[in-house]
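A.B. asks: Take this structure, written in structure tokens, and hold onto it; I'll ask about it next.
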Amino acid sequence: MKLSIIVPVYNSEKFLSKSIENLISQGLADGDFEIIIVDDGSTDGSAAIAMRYQIKHSCIRIINKINGGVGSARNAGLDIAKGKYIYFIDPDDFMVDKVLSSLLTLIEANKLDILTFNSEIISELSMNKGSNKTINHQIALSPITNGRDYLATQEYQNECWWYIVDASFLRKSNVRFINGRWMEDAIFTAQLFLRANKMAHSSIVAHKHLIVDGSAMTSKEKTHYVQVIKDNYNAAIVFDEIIDSLEINSVNRDCIDRLKTRQQSFVFFMMVRILKSSISLKEIRSMLTGLEQIGAYPLNAFISRDYNKLSYRLLVKVFNQKWLYLLIFKFCNPVLRRVYS
94 MKLSIIVPVY NSEKFLSKSI ENLISQGLAD GDFEIIIVDD GSTDGSAAIA MRYQIKHSCI
154 RIINKINGGV GSARNAGLDI AKGKYIYFID PDDFMVDKVL SSLLTLIEAN KLDILTFNSE
214 IISELSMNKG SNKTINHQIA LSPITNGRDY LATQEYQNEC WWYIVDASFL RKSNVRFING
274 RWMEDAIFTA QLFLRANKMA HSSIVAHKHL IVDGSAMTSK EKTHYVQVIK DNYNAAIVFD
334 EIIDSLEINS VNRDCIDRLK TRQQSFVFFM MVRILKSSIS LKEIRSMLTG LEQIGAYPLN
394 AFISRDYNKL SYRLLVKVFN QKWLYLLIFK FCNPVLRRVY S
């Protein structure tokens with residue numbers, strides 16, 4: 094079997110049928126692929142939808158598990174995957190028509206550990222207008238490089254749905270998703286890329302990421318919102334361990350700088366979210382102190398080719414003055430919480 098497609102599902106009934114149809118119609122031969130749907134304790138009709146498709150299509154396998162978060166769902170799918178290659182996709186995202194066979198040809202022909210490709214953000218409106226169509230899949234490959242040089246030179250995303258990975262390499266790497274936390278894919282992607290010996294990028298826009306109101310990363314429910322903040326903090330802490338291990342081994346300096354920038358991006362966006370959150374001043378001081386101790390705050394590596402907007406530059410000047418940031422939080426937080434609730 095060539096490809097295992099792992100789809101973590103939690104209360105995804107609105108888009109799940111379209112997602113499955115999109116994957117089934119990719120033009121892959123029967124027996125060459127499997128779709129592993131991991132139902133992570135859904136309370137809507139997601140499980141029933143998956144079962145209806147499983148009855149009709151032998152390529153579909155279903156795991157039903159107690160809710161443990163998207164990371165644990167992906168790990169569960171990986172544990173039973175049979176494919177030579179692994180691809181993770183969310184149930185409200187889509188692949189361009191017939192693109193998976195072209196991507197498999199590229200990764201196989203070049204014996205890559207990881208093949209990356211471009212992703213495009215779409216709305217429900219553009220999705221309904223058939224934005225997953227494409228004409229040309231014959232896209233040249235970038236020069237093949239190792240993962241550390243890739244991170245040093247290429248723009249990269251935190252998420253795991255913009256690359257296909259060799260299953261044997263993935264298992265030998267021992268990289269797993271962290272259970273029960275957001276930002277788990279940012280940690281997974283960085284750790285996995287750093288272990289790759291052969292990577293390349295295809296410029297084809299193969300994946301469509303659908304922005305959905307009320308999704309995990311856009312939800313403003315108070316408890317969830319605070320948890321995302323704390324998980325951004327945790328990601329920054331984990332990245333410190335990753336960066337320290339690279340510095341010991343005297344790795345490509347540009348790679349280390351890129352990872353420090355990404356680490357501080359977690360801190361920057363955490364600080365933006367904090368201004369609209371119910372977190373206490375005491376907790377904020379504690380988090381900033383912890384980030385100071387590992388060199389992730391003040392934000393001296395955030396402004397870069399990846400993050401260079403004028404708004405970022407202005408906010409960093411404010412955020413780096415801890416007394417000023419805390420003062421702004423104290424007086425603006427009550428208003429911002431009402432506006433964004």
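Using the working numbering, you'd call the opening residue of the sequence shown number 94 and step up by one each time.
Heads up, the beta-carbon is just placed ideally off N, CA and C, and yes, glycines get one too.
1. For residue 432, count the other beta carbons within 10 Å of its own beta carbon; 16 or more makes it buried, fewer makes it exposed. Which is it?
2. On the DSSP letters alone, give me the boundaries of the beta strand (DSSP E) that residue 274 sits inside.
3. Checking 8 Å against the spacing of the C-beta atoms, do residue 237 and residue 205 come in under that value?
4. In whole angstroms, what separates the C-alpha of residue 468 from that of residue 142?
5. Using beta-carbon positions only, say whether residue 411 and residue 390 come within less than 8 Å of one another.
6. Could you give the distance in angstroms between the alpha-carbon of residue 130 and the alpha-carbon of residue 154?
7. From the DSSP output, in three-state form, read off residue 394 for me.
8. Quick check on residue 228: does DSSP put it in helix, strand or coil?
9. Under a Cβ-count criterion, where at least 16 other Cβ atoms within 10 Å of its own Cβ denotes burial, should residue 228 be classed as buried or exposed?
10. May I have the straight-line CA-CA distance separating residue 400 from residue 355, to the nearest angstrom?
11. With distances taken Cα to Cα, identify the nearest neighbour of residue 251 among 379, 126, 279.
12. What is the rounded straight-line gap between the Cα of residue 151 and the Cα of residue 334?
13. Measuring CB to CB, does residue 187 end up less than 8 Å from residue 256?
14. State yes or no: is the C-beta of residue 164 within less than 8 Å of the C-beta of residue 270?
15. Who are the near neighbours of residue 426 in its chain, counting only those whose CB is closer than 7 Å to its CB and skipping five residues on each side?
16. Residue 127 lies in the beta strand (DSSP E); which residues open and close that run?
17. Is residue 398 close to chain C, meaning its C-beta is less than 8 Å from at least one C-beta of that chain?
18. Considering only the beta carbon of each residue, do residue 288 and residue 268 sit closer than 8 Å?
19. Closest to residue 191 by CA distance: which of 145, 328, 299, 362 is it?
20. Please identify the residue among 303, 261, 233 whose C-alpha is closest to the C-alpha of residue 254.
21. Please state whether the Cβ-Cβ distance between residue 138 and residue 103 is less than 8 Å.
C.D. replies: Reading off the structure:
1. The sequence position of residue 432 within the sequence shown is 339, counting from 1. Residue environment analysis places residue 432 among the exposed positions, since fewer than 16 neighbouring C-beta atoms fall within 10 angstroms of its C-beta.
2. Mapped onto the sequence shown, residue 274 falls at position 181. Careful: residue 274 lies outside any beta strand (DSSP E) and carries neither H nor E.
3. Working through the sequence shown from its first residue, we reach residue 237 at position 144. Working through the sequence shown from its first residue, we reach residue 205 at position 112. Their beta carbons are under 8 Å apart, which means residue 237 touches residue 205 by this criterion.
4. The question about residue 468 has no answer, for the chain in this structure spans 94 to 434.
5. Taking the first residue of the sequence shown as position 1, residue 411 is located at position 318. Taking the first residue of the sequence shown as position 1, residue 390 is located at position 297. Cβ atoms of residue 411 and residue 390: not closer than 8 Å.
6. Taking the sequence shown and counting its residues from 1, one reaches residue 130 at position 37. Taking the sequence shown and counting its residues from 1, one reaches residue 154 at position 61. In this structure, the CA atom of residue 130 is about 6 Å from the CA atom of residue 154.
7. In the sequence shown, the residue the question calls residue 394 occupies position 301. DSSP places residue 394 in coil when its eight states are reduced to three.
8. Here residue 228 refers to the residue found at position 135 of the sequence shown. Below a pLDDT of 50, predicted positions are generally treated as unreliable, and residue 228, at 45, falls in that range; no measurement from the model is reported.
9. Along the sequence shown, read from residue 1 onward, the residue named residue 228 stands at position 135. Its pLDDT being 45, under 50, residue 228 is placed unreliably by the model, and nothing is read from it.
10. Taking the first residue of the sequence shown as 1, we reach residue 400 at position 307. Taking the first residue of the sequence shown as 1, we reach residue 355 at position 262. Cα to Cα, the separation comes out at about 9 Å.
11. The sequence position of residue 251 within the sequence shown is 158, counting from 1. When each option's Cα is compared against that of residue 251, the closest is 279.
12. The count along the sequence shown starts at 1 and reaches residue 151 at position 58. The count along the sequence shown starts at 1 and reaches residue 334 at position 241. Using only the alpha carbons, I get a separation of about 43 Å.
13. Here residue 187 corresponds to residue number 94 of the sequence shown, with the count starting at 1. Here residue 256 corresponds to residue number 163 of the sequence shown, with the count starting at 1. The answer is no: Cβ separation not under 8 Å.
14. By one-based count along the sequence shown, residue 164 stands at place 71. By one-based count along the sequence shown, residue 270 stands at place 177. Between residue 164 and residue 270, the gap from beta carbon to beta carbon is short of 8 Å.
15. Taking the first residue of the sequence shown as 1, we reach residue 426 at position 333. These residues qualify, in order along the chain: 368.
16. Here residue 127 refers to the residue found at position 34 when the sequence shown is read from its first residue. Start and end: 126-133.
17. No chain C appears in the structure shown, which is made up of a single protein chain.
18. By 1-based counting over the sequence shown, the position of residue 288 is 195. By 1-based counting over the sequence shown, the position of residue 268 is 175. Yes, the Cβ-Cβ distance between residue 288 and residue 268 is below 8 Å.
19. The residue given as residue 191 occupies position 98 in the sequence shown. The shortest C-alpha separation from residue 191 is found at 299.
20. Taking the first residue of the sequence shown as 1, we reach residue 254 at position 161. Here the closest residue by C-alpha is 303.
21. Position 45 of the sequence shown holds residue 138. Position 10 of the sequence shown holds residue 103. Not in contact: residue 138 and residue 103 (Cβ atoms no closer than 8 Å).
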